[in-house]
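Have a look at the structure below before the remarks.
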Amino acid sequence: MPHRALARSQGADRAVMRQLELVERVKSYDPSVDEDALNRAYVFSMKAHGAQLRASGDPFFSHPVEVAGILSGMKLDSASIVTGLLHDTVEDTLATLDEIERLFGAEIARLVDGVTKLSRLELQSDQSKQAENFRKLVLAMSEDIRVLLVKLADRLHNMRTLHFLKDEATRKRIARETMEIYAPLAERIGMNDMKDELQDLAFAELQPEARESIRARLAFLKEKGGNLGERIMVALDGTLEKAGIRAEVSGREKTPYSIWRKMQRKEVGFEQLADIMAFRVVVDNVEQCYHALGVIHSRYPVVPGRFKDFISLPKPNEYRSVHSGVIGPEQQRIEVQIRTREMHEVAELGVAAHWVYKQDGARNEGRQYRWLRELLDVLDHAADPQEFLEHTKLAMFQDQVFCFTPKGDLINLPRGATPVDFAYAVHSQIGDTCVGAKINGKLVPLRTQLMNGDQVEIITSKAQTPSPTWERLVVTAKARARIRRFVRTQQRAQYLDLGKAILQKAFRQDGHDMTDKALEAVLDKFRCETAEDLYVAAGAGNVTGREVVTAVFPPKPDAKPPKVVPLSHARGKKAAENAVPIRGLIPGMAVHYAGCCHPLPGDRIVGIVTTGKGITIHTIDCDKLAEFADTPDRWVDVAWNQTGDGDERHVGRLDVTIGNEPGSLGALTTVIGEQAGNITNLKITNRSQDFFELLVDVEVQDVRHLTNIIAALRATPVINSVERSRR
Ligand code: MN
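For the sequence shown, my numbering begins at -13 and goes up steadily by one.
Structure representation (structure tokens):
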């Protein structure tokens, strides 16, 4: 007796629905159907799935066709049906999303991609504690509600064929997931038929004995009552007809699961018909709904407290009807539900019904968004606090992305998050040592923004430490705090090493030895607590070496101030010995490379102390050094590491002039590439009829590497001139 709006096949031995049958079915409610796309999708899916078999022994292809059939039962548009046919091709066959986009267009590709991503999640999240997150994720991902509808149809068919699966644990997991996630989702968007069937199928798997006993009880009650339901319907119909109301009366049995739930809540004993049946009166318009209600109320005794008007106050999922309990024609307590045809469709199909009523044939790009808006409206008008809360949560996770670890754990991040945020969310240690990331199996730059449903694999290296530049890559507070703390600690350590070297040098230059004891005597003067603090102050450039030396050894009043020669001007063996090695100093912390001259290992260099920032390294011939001629105190002799650590990359800058002709830019990049230089920036600074002037930043190991690149470029015909940039 239950009315089934959702198409269903009769038994596993039934042949796969034929192409023509499906097309005709869609045509019957949508005259503007894209027949060509449907036909092509049918054939594409059949070929793609080939000889694959379902657990039932049916060809796998029967599954997408059944899903398409269910969707056609919901009277959905061609795009949804095509998506139904294609929904497993990307995940389970050799077909690719690109192929689908090429053959069926961007809209279909986007829908198939959405369903595919949802299916992936399904495989990953088997922990029931994640159910709520997962449910939210499904909603968040269903930016186009059709993705969710196809997914629900997919799940429904899988549930209908669940008993074919041999592994009990898998069956139970799928059933639980259906009960916890998909049935509530279906209810959420008003698809009551879908919800009822999903719940009952899951119930059959999870509690077969309970369901069996309820079914036996139902059968017994039905037998005892004879064709009681039939007699009640006829009597109701007669009563309404006599009053001049044209109505369709039908009866609907509650599902074993909904009876079970009522019994669980101890609401009923399930003694009489009223507990298992509801009678529906479908009329033409709202006015007639209330008219019919009046007729029924005047003809049969009303059961107090059972009247509910969901027409004037619809349920949050848009369900509308008036419900009333009466002592019916057979002296049985019954529930009557009165509604219009449109309300009836909405009650059974939920949001899917809007396709039929509000979008009637209109083909426009905006309609999917309109549909989504309607869903959001439904959520907006949620009346009770529970619903409101639910909706607020929904709004909240629009700003979030949900990603997965390779093991399937859900990581919830704000929108805009990158793999670095992800790494820190998993574990601080993983964040600290993160060197790269794979998203859905593909290597990506660390600045890549994560998307919903992405599976993220973090590549770590023990040698890695957080870089100051990471702060620009992250959006989560946890990652930022951790990086900052690391940078600050690291910076202090670096300032300390640097400051110690600077002070030692200053003392030695003055002919003294530096001792901690000597420093301790002057700590107060520099507002430092320990000698280490003083090193840090010197390293950061807040205190100069000269100031400290002068404090420890005050000059005699008659002595001439010592003449300080910028060390680098007085180069020699001795100066080199005194040089502060920049080994181990991380660029961006205590040491910065000047943007004017881009010093490279192998260049002769000098450091300039910048208050509060450590030292800035310039090449010895940099024009900018003239600005510091008056402050010799700020000059620090620095030296590159003797043992070159080949991994470190530095940026060299080139001024290049090339001919304005086809292929010249290509030649430039090719030559640099062949020399293992990595171009990090390329800017056209001047452009004339014959020439381009370019600024090219190239990552190299050292000055020799850059010199090789320059030589190779000079040997290239289309390149007119190449110089190291001093800009
Ligand atoms: Mn499927």
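All C-beta atoms, glycine included, are put in the ideal place defined by N, C-alpha and C.
Secondary structure of residue i, DSSP reduced to three states
{"i": "Cys389", "result": "strand"}
{"i": "Lys669", "result": "strand"}
{"i": "Arg700", "result": "helix"}
{"i": "Val551", "result": "Residue placement at Val551 cannot be trusted, given a pLDDT of 49 that sits under 50; what the coordinates show is reported in the next sentence. Here Val551 sits in coil by DSSP."}
{"i": "Asp346", "result": "Unreliable placement is indicated for Asp346, whose pLDDT of 42 sits below 50; no coordinate value is reported for it."}
{"i": "Ala(-7)", "result": "Caution is warranted here: a pLDDT of 46 is assigned to Ala(-7), below 50, making its placement in the model unreliable, and the coordinate value is therefore given only provisionally. Correct three-state label for Ala(-7): coil."}
{"i": "Val289", "result": "coil"}
{"i": "Thr674", "result": "Checking the sequence, you will find Ser at residue 674 rather than Thr. Ser674 falls in the coil class under three-state DSSP."}
{"i": "Arg353", "result": "At Arg353 the pLDDT is 39, less than 50, meaning the model places this residue with poor confidence and gives no usable figure here."}
{"i": "Glu457", "result": "helix"}
{"i": "Ala561", "result": "Note that Ala561 scores 49 on pLDDT, short of 50, meaning its location in the model is unreliable and no value can be drawn from it."}
{"i": "His578", "result": "strand"}
{"i": "Asp130", "result": "coil"}
{"i": "His283", "result": "helix"}
{"i": "Thr536", "result": "helix"}
{"i": "Gly176", "result": "coil"}
{"i": "Trp621", "result": "strand"}
{"i": "Ser298", "result": "coil"}
{"i": "Leu187", "result": "helix"}
{"i": "Pro405", "result": "helix"}
{"i": "Arg4", "result": "coil"}
{"i": "His143", "result": "helix"}
{"i": "Asp609", "result": "helix"}
{"i": "Gly600", "result": "strand"}
8 angstroms Cβ cutoff met for residue i and residue j
{"i": "Ile262", "j": "Ile282", "result": "no"}
{"i": "Leu509", "j": "Glu518", "result": "no"}
{"i": "Leu71", "j": "Pro50", "result": "yes"}
{"i": "Gly593", "j": "Ala526", "result": "no"}
{"i": "Pro587", "j": "Thr605", "result": "no"}
{"i": "Pro392", "j": "Asp418", "result": "no"}
{"i": "Val12", "j": "Ile67", "result": "yes"}
{"i": "Leu8", "j": "Ser58", "result": "yes"}
{"i": "Thr596", "j": "Asn528", "result": "no"}
{"i": "Glu321", "j": "His309", "result": "yes"}
{"i": "Ile444", "j": "Val473", "result": "no"}
{"i": "Leu184", "j": "Thr156", "result": "no"}
{"i": "Val406", "j": "Val460", "result": "yes"}
{"i": "Gln743", "j": "Val421", "result": "Outside the shown range of the chain (-13 to 713) lies residue 743, about which nothing can therefore be said."}
{"i": "Arg197", "j": "Phe189", "result": "yes"}
{"i": "Leu432", "j": "Leu399", "result": "no"}
{"i": "Asp496", "j": "Val535", "result": "yes"}
{"i": "Glu709", "j": "Leu640", "result": "yes"}
{"i": "Thr225", "j": "Cys275", "result": "no"}
Contact test: residue i Cβ vs ligand 1 heavy atom, cutoff 7 angstroms
{"i": "Asp74", "result": "yes"}
{"i": "Asp140", "result": "yes"}
{"i": "His149", "result": "no"}
{"i": "His35", "result": "no"}
{"i": "Asn53", "result": "The sequence as given places Val at residue 53; Asn does not occur at that position. True, at least one ligand heavy atom lies under 7 angstroms from that Cβ."}
{"i": "His49", "result": "yes"}
Supposed close pair residue i, residue j - CB separation, criterion 8 angstroms
{"i": "Ser64", "j": "Asp20", "result": "4 angstroms"}
{"i": "Asp140", "j": "Val53", "result": "5 angstroms"}
{"i": "Ile658", "j": "Leu651", "result": "About 11 angstroms separates the two Cβ atoms, so there is no contact after all."}
{"i": "Pro287", "j": "Ala221", "result": "Not confirmed; about 14 angstroms, so no contact."}
{"i": "Leu192", "j": "Met145", "result": "About 12 angstroms separates the two Cβ atoms, so there is no contact after all."}
{"i": "Val637", "j": "Ile705", "result": "Incorrect: roughly 20 angstroms between the Cβ atoms, too far for contact."}
{"i": "Ile665", "j": "Val682", "result": "6 angstroms"}
{"i": "Thr79", "j": "Arg132", "result": "That pair is no contact at about 22 angstroms."}
{"i": "Gly736", "j": "Ala523", "result": "The question about residue 736 has no answer here: the residues shown for the chain are numbered -13 through 713."}
{"i": "Val268", "j": "Glu304", "result": "Between Glu304 and Val268 the Cβ distance is about 17 angstroms, and since that is not below 8 angstroms, they are no contact."}
{"i": "Glu457", "j": "Arg470", "result": "7 angstroms"}
{"i": "Tyr410", "j": "Lys464", "result": "5 angstroms"}
Limits of the alpha helix (DSSP H) - the one that residue i falls within
{"i": "Pro50", "result": "48 to 59"}
{"i": "Tyr28", "result": "21 to 35"}
{"i": "Gly659", "result": "650 to 660"}
{"i": "Met219", "result": "214 to 228"}
{"i": "Thr75", "result": "75 to 78"}
{"i": "Ile488", "result": "463 to 495"}
First through last residue of the beta strand (DSSP E) which encompasses residue i
{"i": "Val684", "result": "677 to 686"}
{"i": "Thr516", "result": "Taken as a continuous stretch (DSSP letters only), Thr516 belongs to no beta strand (DSSP E), as it is neither H nor E."}
{"i": "Gly311", "result": "308 to 313"}
{"i": "Ala423", "result": "420 to 425"}
{"i": "Phe265", "result": "263 to 269"}
Proximity test, residue i beta-carbon vs ligand 3 heavy atom, cut-off 7 angstroms
{"i": "Lys61", "result": "By its list of ligands, the structure shown excludes ligand 3, since it contains just ligand 1."}
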